[in-house]
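Residue numbers (this note's numbering): 658 to 1304.
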C-alpha cells in the first residue's frame, strides 16, 4: 500500500509535530510505502524521518499562500496519481478539491471555523486580513467536503466544523492523533513537586494577542496564591511594536500596572527545533483562545510533559487543581488535557487562600417566568456572586425547582398594578450588598466579565454604576452587526442610586416586567470592557411569541411618543437621550418596516452575520410591521370610543 502525505504546511509548530509523530506511529500499520511532500526549505528538517519515508520538496510552497494553494489543487493530484498512491493524507485544513485518490484530512486549526477570529480582525480594521480569512475559510470548508474523512483532535472541533459546514461535511471523526510526548527538561521526576518559581508557558508565536490581558491578570492572582511564579512568552512585548496588528504598548502598560513586569519572560520568536526544550522547561502550558485548545498549541501541548489551562479564562485554584470555566466548545478537551499533573496538586492544593473561592460582594437580581430552559445555565454563570435573588411570577414549569437547587433565594412577585417587577425588587428586597447586578434568565456572565465586575466594585471612588455591553446570540451565531453590537445596558449599580424609568403606558398581556425601560442613575457611570452574553436556549416559537407580546406594548408606547413634542427635556443622558430623541422621530416616519430592514441589513451591515443576520433582520422588520398594524387597531378603537362617548 502506498500512502502519500501532503505536509506542505508543516513548516513549524503544530504541523511539524503532526508529521514527526505520524512518522513514528504509521509504520505500526505495516510495511507500507510513504512519500511525504514538504517545502524545499524543510528538506533538512525532515532528515529525522524513518528510512521508509521518501521526502519530496516543492519550491512553490515557499512562494506564499496562493502559490501553495494552487500547487495543492493542480500539481499535487497529478503527482499522487503518477506515483500510484492508494490514499492521500493531508496535514492541515486544505486538500485537493478534485482528488485522484481517497483523501484523509487531518484538520488541526479551527481558526478558519471560529467566528471570533473574523470579528477581531474587523474590530482592528484589518480588512485585507479579513478578506483573506474568508477565502481561506471557504477553501477549508470545501476541503472537508472533498475529503473522504476529516479527523479532528477533539470532538468539540468536529462540532465546530460541522456547524460551519451546515452539516455538509461528509464524514467527521474526533480522535487523538498519536503524539509521542516530549521529554521533560526541568530536571524533576514526574511525581515530584516542582521547586519555585513555577513556570507557566504561553506559546504566542501565532499572534493570539487577545489573551494577554486575561493571562496577565491571572498571573497576578497566581502570585498571590502560589508565591513565586513566572510567565514565559515566545514573543517580544517591547513598547512600540505592532505584531500582527497588536500594539505591544498595551501589554507593557498592563504589566506595569499589575506590578508583574519582572515575572514575565519574553523569549522572542522560537524556532520549532527549540520548542521541545521550551515546553519541557515549563510546569504548565496556557492554550490560547479562538481555537481554544483545538489549534496548533493543543497539538504541541499534547506532546508536552506538563498540564495546561485555556487562556481565555482566569484560572481558579480549587481542591488541589487549577480550574477554569472553559466554553462549551472545549469542555471535552478540558477534561483530558487541562487537569493538573500530580506534581502540582500538592503545591496548588494549599493555595486556596489566594481568594478564588471568595464570593463577590454583589447581589444579583434575576426576574423570571417559565425559564426552565435557561435558568440553570444563567445561575451557573453567577456562582461567584454573594447573593442571588430569583424573582418569579408564578412559573408553571421547573424554574423554581432548578433555581432552588442552584442555591438562589426565591421571591414570588404578584403584579397588581403600580411598580413592575424590577423596580419593586429594587425597592423591597433585603439586599445585603451595596451593589446589585440585574440579569435576565437568558443571559450569561462569562468568567472574564465576572472578574472585571469584582475589580470595579472594590474601587471606593469609582462610578455609581456601569454599563454592560450585551452580545446577542441568535440561531447559534453572534449578531455582531445590524446595529445590535455594541448594545450598552446599565445593569450594575449601587441599588439605592438607580431605578427604572416609569413609562406611562400599561398595555395588557405584556407581562409584569419592565421591557425596554432604562435605568435612571444618580451619579457617574462607567463602562465595562467584557461582554454580557445573551443566548436564549428556547425555540423560535418562544422568540416569536415573546415579540408578539412586545409589539402590543410597543404600539402603545409609539402612540404615546407621537403625542409628545420631538424636542423636550429628558431624564436620561448621553447616548440614551439621543436614542430617545431618534425614537420620537422614528415613530412619525412612514414605511417603518421596510426602513427597519434596510437600516439593519444594509446600512448596519447585517449581511455580514450570514444567514442568521438575514433571518434576524427580517424578523425585526416583521416586528416593526406588527407594531404599525396594532397602532392602527388602537387608533380605530379609540375613534369608536370617542364616537360612543359623544352619542
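Positions of the beta carbon are idealized from the N, C-alpha and C atoms, including for glycine.
Note that the coordinates shown come from a computational prediction; the quantities given were computed from them, not determined experimentally.
Residue environment analysis places residue 784 among the exposed positions, since fewer than 16 neighbouring C-beta atoms fall within 10 angstroms of its C-beta. Under the three-state reduction of DSSP output, residue 1241 falls in the helix class.
C-alpha of residue 1070 to C-alpha of residue 1157: approximately 17 Å in a straight line. Just measuring C-alpha positions, the residue of 1181, 1213, 1246, 1269 sitting nearest residue 1197 is 1269. In the DSSP annotation of this structure, the continuous segment of the beta strand (DSSP E) that includes residue 809 starts and ends at 806-809.
CA-CA distance, residue 1090 to residue 1021, rounds to 10 Å. Within the stretch 1064-1096, the runs of alpha helix (DSSP H) that reach at least 4 residues and sit entirely inside it are, in chain order, 1078-1085.
Bounds of any beta strand (DSSP E) do not take in residue 1202; it lies within the alpha helix (DSSP H) bounded by 1197-1220. Between residue 1131 and residue 1082, the C-beta gap is not smaller than 8 Å, which leaves the two residues out of contact. CA-to-CA, the gap between residue 1050 and residue 1026 works out to about 5 Å. When DSSP states are grouped into helix, strand and coil, residue 919 belongs to the helix group. Judged by DSSP in its simplified three-state form, residue 855 adopts strand.
Straight across, the Cα-Cα distance linking residue 679 with residue 816 is about 24 Å. The residues 658, 660, in chain order, have a CB closer than 6 Å to that of residue 689 in the same chain once the five nearest residues on each side in sequence are set aside.
Rounded to whole angstroms, the Cβ separation of residue 921 and residue 890 is 6 Å, and the two are in contact under 8 Å. Assignment of beta-bridge partners to residue 1184 by DSSP yields 1124. Taking a cut-off of 8 Å for Cβ pairs, the stretch 1211-1226 and the stretch 1278-1293 touch, as three or more such pairs fall below it. Nearest to residue 1141 by alpha-carbon distance, out of 770, 1153, 1106, 1265, is 1265. Three or more pairs of CB atoms, one per stretch, sit closer than 8 Å, so the stretch 1055-1065 contacts the stretch 1027-1034.
Boundaries of the alpha helix (DSSP H) around residue 1034: 1032-1037. Note on geometry: alpha-carbon atoms of residue 943 and residue 925 lie some 17 Å from one another. A direct Cα-Cα distance of roughly 28 Å separates residue 804 from residue 708. Per the coordinates, the alpha-carbon of residue 721 lies some 19 Å from the alpha-carbon of residue 754. If you compare the alpha carbons of 1295, 1225, 1191, 1203 with that of residue 1283, the shortest gap goes to 1203.
Annotated three-state conformation of residue 1266 is helix, per DSSP.
Comparing alpha carbon positions, the residue from 1126, 1043, 1116, 1109 closest to residue 1093 is 1043. Inclusion of residue 1193 and residue 1099 in the CB contact set at 8 Å is warranted, their separation being smaller than that value.
For the set 1102, 768, 776, the Cα lying nearest the Cα of residue 796 is the one of 768. Look at residue 748 here: in three-state DSSP terms it is strand. Setting aside the 5 residues that flank it on each side, residue 1068 is surrounded in the same chain by 1046, 1047, 1048, 1049, 1082, 1086, each with a C-beta closer than 8 Å to its C-beta; the list follows chain order.
The continuous beta strand (DSSP E) containing residue 1021 extends over residues 1017-1025. Taken through DSSP and simplified to helix, strand or coil, residue 1057 comes out as helix.
In this structure residue 1078 is buried. Its beta-carbon is surrounded by 16 or more other beta-carbon atoms within 10 angstroms.
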